[in-house]
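Participant: Quick one: structure below, then a few questions.
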Amino acid sequence: MDTVNTWTAAILGVAVVVATGVATLRWLVTTLTRQMRTIAQEVVTDAVGASEQRLSARLVAMDVRFDAMDGRFDAMDGRFDAMDGRFDALDRRFDALDDKVHHGTEMTDLRLSHLEADMTLVKQHLLGSTAA
């Protein structure tokens, strides 16, 4: 009977050790799984944070480039405004020259008509004196 009790105690002892080992392994696997999930979340969070930082840096760089381009476009717009002002001034000068040319043409036409009238008078005078 002692042998049976010994064997029973041994079997129970082994069962307790195995059960404890299984429980310990289960606890260990659960703990490691939790830690791995936590680490994975931290890695993902860090990666996302780093990606966000890189993206933010790229957006800032793009914003700086767009500001520079906007400045260039403003400068070009200023140059075009200046050129437009110069063309307006040239247009006014050409209008003034055109007015002078038209005035000169009118004056020339007027002088020519006076000259023609004078020549007609001279012609009549000459013809009249020849006929007399």
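Residues in the sequence shown are numbered consecutively from 1269, following this note's numbering. Glycine included, every Cβ here is placed at the ideal spot set by N, Cα and C.
Distance check for Leu1300 and Gly1289, CA to CA, integer angstroms please.
Facilitator: Here residue 1289 refers to the residue found at position 21 of the sequence shown. Here residue 1300 refers to the residue found at position 32 of the sequence shown. Straight-line Cα distance between these residues: approximately 16 Å.
Participant: Taking only runs of the beta strand (DSSP E) that begin and end inside the stretch 1346 to 1399, which ones reach a length of at least 3 residues, in chain order?
Facilitator: none
Participant: Between the C-alpha atoms of Arg1354 and Met1375, what's the straight-line distance to the nearest angstrom?
Facilitator: Looking up residue 1354 in the sequence shown gives position 86. Looking up residue 1375 in the sequence shown gives position 107. Take the alpha-carbon of Arg1354 and the one of Met1375: they are about 31 Å apart.
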